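The opening residue of the sequence shown carries number 0 in numbering that gives the first Met the number 0; numbering runs sequentially from there.
Remarks on the structure that follows.
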Amino acid sequence: MLLGSGELGKEFVISAQRLGQYVIAVDSYDNAPAMQVADTREVIDMLDGEALDAIVAKHQPDLIVPEIEAIRTERFYDYEKQGIQVVPSAKAANFTMNRKAIRDLAAKDLGLKTAKYRYATSLEEMKAAVEEIGIPCVVKPLMSSSGKGQSTIKTEEDIEKSWNMATTKSRGDLNEVIIEEFINFRTEITLLTVTQKNGKTLFCPPIGHRQERGDYQESWQPSGVTPEELAEAERMADLVTKELTGAGLWGVEFFMGDEGVVFSELSPRPHDTGMVTLGNTQNFNEFELHLRAVLGLPIEEITLEQAGASAVILAPGDSAKQNPIYSGLEETATIPKSDVRIFGKPETRPFRRMGVAVAFDKPGTDMQSLRDRAKEVADKVKVS
Ligand SMILES: Nc1ncnc2c1ncn2[C@@H]1O[C@H](COP(=O)(O)OP(=O)(O)O)[C@@H](O)[C@H]1O
Ligand SMILES: [Mg+2]
0 MLLGSGELGK EFVISAQRLG QYVIAVDSYD NAPAMQVADT REVIDMLDGE
50 ALDAIVAKHQ PDLIVPEIEA IRTERFYDYE KQGIQVVPSA KAANFTMNRK
100 AIRDLAAKDL GLKTAKYRYA TSLEEMKAAV EEIGIPCVVK PLMSSSGKGQ
150 STIKTEEDIE KSWNMATTKS RGDLNEVIIE EFINFRTEIT LLTVTQKNGK
200 TLFCPPIGHR QERGDYQESW QPSGVTPEEL AEAERMADLV TKELTGAGLW
250 GVEFFMGDEG VVFSELSPRP HDTGMVTLGN TQNFNEFELH LRAVLGLPIE
300 EITLEQAGAS AVILAPGDSA KQNPIYSGLE ETATIPKSDV RIFGKPETRP
350 FRRMGVAVAF DKPGTDMQSL RDRAKEVADK VKVS
């Protein structure tokens with residue numbers, strides 16, 4: 000049972016179908032991308048614990064695979080007690096659905112290097128926190144993803160605006176924000192990490208990425224980091240995934256700055272920046288790795304087969320539309336060593352991610368030219 004049926008879920012389901020699995024795809028709206036390739040579907044509000052209990056009782060899944068954070072994850076502990084495998088674990092899903100739980104675990108319990116941070120539950124508390132952290136600083140709702148409600152405070156006048164942004168865009172019932180020191184990073188990476196039921200923890204070659212409006216725009220693999228930085232990131236990813244327990248693929252995010260490697264956050268599931276692996280950059284892409292790890296198939300090694308880059312295909316920024324139409328695919332087909340995915344979302348929203356383009360070439364290829372090529376392909380696809 001897949002909880003969340005977006006584009007990452009869709010690729011995961013395709014991997015699962017290739018190994019003969021039966022998949023129930025769940026989301027809050029019908030015809031979501033993963034539903035189009037699953038065996039059956041359920042449309043429910045996944046923050047509603049009773050609705051969740053009802054479909055789990057109805058289908059009796061062997062595995063529950065969350066694809067998003069906005070789920071009543073407290074219920075997961077109960078499902079584990081019933082003998083259902085929650086991926087990667089109820090603990091991991093619960094700790095990562097709230098920035099506070101995972102940040103305190105990483106910084107306080109495990110001693111990982113993170114940006115300095117404070118929490119605030121009112122504008123007054125936030126002003127005091129900004130004073131302590133210093134300007135510039137980054138403000139985020141405790142429960143949100145894809146940069147929603149996130150802003151950077153550059154002057155004191157921004158404080159109230161940031162508070163309002165974070166508290167109106169917060170998901171769930173929580174009116175608390177995190178205030179983080181602004182990290183002036185040279186590059187940021189996702190370290191895809193695979194924990195196994197029986198076998199050692201493996202790491203994919205690091206993925207570099209660039210974000211805009213809090214959302215990923217392009218990613219590339221491998222990303223240029225020093226061997227020392229990579230070793231430190233791997234050490235931290237190993238520690239935090241072991242602590243959260245369970246088997247699966249995780250997207251562990253780091254900033255590479257002047258002060259060394261800084262842990263940012265992690266997803267206990269495939270990561271959007273990891274879509275670059277759809278360009279066959281590795282022996283298994285991130286969705287195949289997640290599937291193999293959760294099924295308990297041993298993964299012997301992860302190898303870099305090609306260098307790759309991905310660039311997102313976004314909906315126009317003006318309005319929301321039903322049944323979008325795509326053009327320009329013929330033109331993308333003339334660009335060698337590239338590929339395109341259209342997710343098949345039934346509706347656009349401003350800047351919604353509708354597809355992704357990938358470009359790939361032999362290892363050692365100039366990464367900037369690969370990134371340019373992925374962007375060129377993405378730009379040829381028009382959504383209307
Ligand atoms: N403390 C920070 N300093 C500098 N940039 C940051 C900081 N926190 C977040 N960012 C930028 O915003 C992006 C999204 O933040 P993140 O914490 O990963 O939120 P989300 O859960 O929405 O992905 C990051 O990938 C990074 O580019
Ligand atoms: Mg992130």
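Ideal placement from N, C-alpha and C gives every residue a C-beta, glycine not left out.
As the structure is a prediction and not an experimental result, all values here were calculated from the model.
- Message: Can you tell me which residues form a DSSP beta bridge with residue 253?
- Response: 188 and 262, per the DSSP bridge assignment.
- Item | Bridge partner(s) assigned by DSSP for residue 219 | 207 and 308
- Tell me which same chain residues have a C-beta within less than 8 Å of the C-beta of residue 159, skipping the five on either side of it? 122
- Query: Buried or exposed: where does residue 179 fall if 16 or more other Cβ atoms within 10 Å of its Cβ makes it buried?
  - Reply: buried
- Identify whether residue 356 lies in helix, strand or coil by the three-state DSSP scheme. strand
- Do residue 166 and residue 134 come within 8 Å of each other at the CB atom, strictly closer than that value? no
- Message: Can you tell me whether residue 145 sits near ligand 1, meaning its C-beta is under 7 Å from at least one heavy atom of the ligand?
- Response: yes
- Task: Reducing DSSP to helix, strand and coil, say where residue 39 ends up.
- Result: Correct three-state label for residue 39: strand.
- Item | Proximity test, residue 252 beta-carbon vs ligand 2 heavy atom, cut-off 7 Å | yes
- Please state whether DSSP places residue 81 in a helix, a strand or coil. coil
- Item | Among 310, 250, 191 and 235, the one whose alpha carbon lies nearest that of residue 210 | 310
- Query: Does the beta-carbon of residue 120 have 16 or more other beta-carbons within 10 angstroms, so that it is buried, or is it exposed?
  - Reply: exposed
- Message: Looking at the secondary structure, which residues open and close the beta strand (DSSP E) in which residue 119 lies?
- Response: 116-119
- Task: Verify the contact flag: residue 264, CB atom, against every heavy atom of ligand 2, threshold strictly below 7 Å.
- Result: Using a cutoff of 7 Å, the CB of residue 264 counts as near ligand 2, since one of the ligand's heavy atoms is closer than that.
- Contact check, residue 295 vs residue 197 under 8 Å by CB: the rounded distance? 7 Å
- Task: Mind reading off the beta-carbon distance from residue 245 to residue 87? Whole number of angstroms is fine, and I expect it under 8 Å.
- Result: 3 Å
- Message: Taking 7 Å as the cut-off, is the C-beta of residue 181 nearer than that to any heavy atom in ligand 1?
- Response: yes
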